[in-house]
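K.L.:
Take a look at the following structure, please.
2 protein chains.
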Amino acid sequence: MSIKMSLTREKILELGEDLILTKGYNAFSYQDISKELGIKNAAVHYYFPAKENLVTSVVKNNILRFEEMVDNMNTRMFDEISQLDAFLKIYAKSNREEKICLLGSLGPDFNTLAEITRKELQKMSVKIINWLSKLLNSGRKKGLFSFEGEPNTRALMILSNLVAGLQLARMMDKSDFKSIQSQILEDLKP
Amino acid sequence: MSIKMSLTREKILELGEDLILTKGYNAFSYQDISKELGIKNAAVHYYFPAKENLVTSVVKNNILRFEEMVDNMNTRMFDEISQLDAFLKIYAKSNREEKICLLGSLGPDFNTLAEITRKELQKMSVKIINWLSKLLNSGRKKGLFSFEGEPNTRALMILSNLVAGLQLARMMDKSDFKSIQSQILEDLKP
DNA sequence: TTGTTTACTTACTTGTAAGTAAGTATCTTT
DNA sequence: AAAGATACTTACTTACAAGTAAGTAAACAA
């Protein structure tokens, strides 16, 4: 990023992501964006010719942010507990802001997305699951975590707790997410 | 149900549910339904004046089916393990049919739903969580299940595993759901 | 200083979603 | 047999979403 990014383009991207996380992909329009930013409809099309270009960019952006976070934690030599904690904090922040996870927002819409968007979403899920698997595995080897079964399965379970945790919190009680978050950490204690 | 239900109405309800579970609420139209059923658009409006009436009926229907299942298991005196197993089987079936859970489909769309629909969705989540909590609690008391923490939190975690498990399976690998399902049961073993 | 690129706006087109009013055929009750 | 009620269809309206073609003003580069 940062190379050649107009302010307007960045604002569209940010607002687009926000709308996907709050209303859902098939419920927002370019008008929602243009009105909010005080620009014309066609200006949004100038940066993102079709809606599928916008979603795809939003997903790619999320992948980049995830990778930056991982890189950052690696260079700072975070231990496994701190890394998991940082990851959970991202979701806790979403919960406070009444947002859900991008995977959980676009997952149900998967069949309505363009092939390229699906590919990026897949890439994103795989990256997260692989990272989390490795984290759990090395944490267990060091005796920092304790759990039964495959690291990959455990990663799927923790991610699904987070993804649907945010969705359920939206429907039921915001504080339900906190219970889930605490229990994830509790369950991993040696 | 069954009192005063025209065949067309039932077909609309069934197809409407199917479309919500495969494409999402904001991605299907009354045309999708009328074309498929070989009727006119206005015929769908005859039974469900507005889209919000259709979704609300779909949710209410799901609540009824859930309650029938619970009643059925109670009269047949299913033990806690069998009841949980039956519940998991519903989700496994959805996974095979490439569908997701109604909660997981409408959860992300929650902010775009009418108040009455939201209320029904809330009712549905609360009913499921309360039932699952009690099931886990009494199963643990009998020594059939073993888990740490509050039954309510554990119920939230299992439900979120199932809800997002289906979503992740859609995006990644269908078999991921099976791993999650098996691990849920494994984790509860005494 | 002329030409090109950037960043838009103006002004459309096309398609579809949601919904409604009024009509009609058939069945059902009195 | 007449009067509802039921289950639709015909034929619209309104609104908005998505996208595009052509124009323009300013910046920037040759």
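Same order as they appear, the protein sequences are chains F and W. Quick note on numbering: numbering that gives the first Met the number 0 labels position 65 of the first sequence as 64, and the sequence is numbered without any gaps. Quick note on numbering: numbering that gives the first Met the number 0 labels position 32 of the second sequence as 31, and the sequence is numbered without any gaps. Positions of the beta carbon are idealized from the N, C-alpha and C atoms, including for glycine.
1) Pull out every residue of the region 137-160 of chain W whose Cβ sits closer than 8 Å to any Cβ of chain F, in chain order.
2) Quick test of your reading: residue 14 of chain W and residue 104 of chain W, contact by CB under 8 Å. State the CB separation rounded to the nearest angstrom.
3) For the alpha helix (DSSP H) holding residue 150 of chain W, just list the boundary residues, first then last.
4) Evaluate residue 142 of chain F with the Cβ neighbour count: other Cβ atoms within 10 Å of its Cβ, from every protein chain shown; 16 or more gives buried, anything less gives exposed.
5) Taking 8 Å as the limit between beta carbons, can you name the residues of its chain near residue 108 of chain F, skipping five residues before and five after?
6) Which residues, taken in chain order from the region 4-27 of chain F, show a beta carbon closer than 7 Å to some beta carbon of chain W?
7) Distance, Cα to Cα, residue 133 of chain W vs residue 184 of chain F?
8) How about residue 163 of chain W: is its C-beta nearer than 7 Å to some C-beta of chain F?
9) Can you check which of these residues, F:138, F:128, F:145 and F:29, is closest to residue 164 of chain W by C-alpha distance?
10) Can you give me, in chain order, the residues of the region 82-104 of chain F that have a beta carbon less than 8 Å from any beta carbon in chain W?
11) Quick one: complete alpha helix (DSSP H) runs, 4+ long, within the region 58-88 of chain W?
12) List the endpoints of the continuous alpha helix (DSSP H) containing residue 34 of chain F.
13) Using three-state DSSP, classify residue 56 of chain W as helix, strand or coil.
14) Does any residue of chain W bring its CB to less than 7 Å from the CB of residue 76 of chain F?
15) Quick check: the Cα distance between residue 120 of chain F and residue 90 of chain W, rounded to an integer number of angstroms?
16) Can you grab the Cα-Cα spacing for the pair residue 112 of chain F / residue 45 of chain W, in whole Å?
17) Just the C-alpha distance for residue 131 of chain W and residue 101 of chain F, rounded to the nearest angstrom, thanks.
18) Can you check which of these residues, W:99, W:106 and W:116, is closest to residue 110 of chain F by C-alpha distance?
19) On the three-state DSSP scale, how would you describe residue 26 of chain W?
20) How would you label residue 76 of chain W, buried or exposed, when you count the other beta carbons within 10 angstroms and need 16 or more for buried?
21) Rounded to a whole number of angstroms, what is the C-alpha to C-alpha distance between residue 123 of chain W and residue 176 of chain W?
22) Please check if any C-beta of chain F sits within less than 7 Å of the C-beta of residue 110 of chain W.
23) Taking only three categories from DSSP, how would you classify residue 19 of chain F?
24) With DSSP collapsed to three states, give me the class of residue 145 of chain F.
25) Mapping the DSSP letters down to three states, classify residue 183 of chain W as helix, strand or coil.
26) With a threshold of 16 other CB atoms inside 10 Å of the CB of residue 150 of chain W, please say whether the residue is buried or exposed.
27) Please report whether the beta-carbon of residue 37 of chain W lies at a distance below 7 Å from any beta-carbon of chain F.
P.N.:
Quick look at the numbers:
1) 147, 148, 149, 151, 152, 153, 155, 156, 158, 159 and 160
2) Your numbering for residue 14 of chain W matches position 15 in the second sequence. Your numbering for residue 104 of chain W matches position 105 in the second sequence. So it is not a contact: roughly 15 Å between Cβ atoms.
3) Reading the second sequence from its first residue, position 151 is the one you call residue 150 of chain W. Taken as a continuous stretch (DSSP letters only), the alpha helix (DSSP H) holding residue 150 of chain W covers 150-170.
4) Translated into the one-based positions of the first sequence, residue 142 of chain F becomes position 143. The residue is exposed, with fewer than 16 neighbouring Cβ atoms inside 10 Å.
5) The sequence position of residue 108 of chain F within the first sequence is 109, counting from 1. Excluding positions up to five away in sequence, the list reads 23, 24 and 25.
6) 21, 22, 23, 25 and 26
7) Position 134 of the second sequence, counted from the start, is the residue given in the question as residue 133 of chain W. Position 185 of the first sequence, counted from the start, is the residue given in the question as residue 184 of chain F. Their Cα atoms are separated by approximately 23 Å.
8) Reading the second sequence from its first residue, position 164 is the one you call residue 163 of chain W. Yes, its Cβ sits closer than 7 Å to a Cβ of chain F.
9) The residue given as residue 164 of chain W occupies position 165 in the second sequence. Of the candidates F:138, F:128, F:145 and F:29, the one whose C-alpha sits nearest the C-alpha of residue 164 of chain W is F:128.
10) 99, 102, 103 and 104
11) none
12) The sequence position of residue 34 of chain F within the first sequence is 35, counting from 1. Note, residue 34 of chain F: alpha helix (DSSP H), 29-36.
13) Within the second sequence, the letter at position 57 stands for residue 56 of chain W. Of the three classes helix, strand and coil, the one that applies to residue 56 of chain W here is helix, per DSSP.
14) Counting from one through the first sequence, the residue named residue 76 of chain F turns up at place 77. Judged by the 7 Å Cβ criterion, residue 76 of chain F is not in contact with chain W.
15) Taking the first sequence and counting its residues from 1, one reaches residue 120 of chain F at position 121. Taking the second sequence and counting its residues from 1, one reaches residue 90 of chain W at position 91. Roughly 23 Å between the two C-alpha positions.
16) Walking along the first sequence from the start, residue 112 of chain F turns up at place 113. Walking along the second sequence from the start, residue 45 of chain W turns up at place 46. Using only the alpha carbons, I get a separation of about 31 Å.
17) On the second sequence, residue 131 of chain W is found 132 positions in, with the first residue counted as 1. On the first sequence, residue 101 of chain F is found 102 positions in, with the first residue counted as 1. For residue 131 of chain W and residue 101 of chain F, the distance between alpha carbons rounds to 27 Å.
18) Along the first sequence, read from residue 1 onward, the residue named residue 110 of chain F stands at position 111. Of the listed residues, the one whose Cα sits closest to residue 110 of chain F is W:99.
19) Residue mapping note: residue 26 of chain W aligns to position 27 of the second sequence, counting from 1. Here residue 26 of chain W sits in helix by DSSP.
20) Residue 76 of chain W sits at position 77 when you count from the first residue of the second sequence. Residue 76 of chain W is exposed by the Cβ-count criterion.
21) Within the second sequence, numbered from 1, the residue matching residue 123 of chain W stands at position 124. Within the second sequence, numbered from 1, the residue matching residue 176 of chain W stands at position 177. Whole-angstrom Cα-Cα distance: 22 Å.
22) Within the second sequence, numbered from 1, the residue matching residue 110 of chain W stands at position 111. Yes, because at least one Cβ of chain F sits closer than 7 Å to the Cβ of residue 110 of chain W.
23) Residue mapping note: residue 19 of chain F aligns to position 20 of the first sequence, counting from 1. Looking at residue 19 of chain F - three-state DSSP - the assignment turns out to be helix.
24) As a first step, residue 145 of chain F is located in the first sequence; it is residue number 146 there, counting from the start. DSSP places residue 145 of chain F in coil when its eight states are reduced to three.
25) In the second sequence, counting from the first residue as 1, residue 183 of chain W sits at position 184. The answer is helix: DSSP assigns residue 183 of chain W an H, G or I state.
26) One-based indexing of the second sequence puts residue 150 of chain W at position 151. Its Cβ being crowded by 16 or more others within 10 Å, residue 150 of chain W is buried.
27) Counting from one through the second sequence, the residue named residue 37 of chain W turns up at place 38. No, its Cβ sits nowhere closer than 7 Å to a Cβ of chain F.
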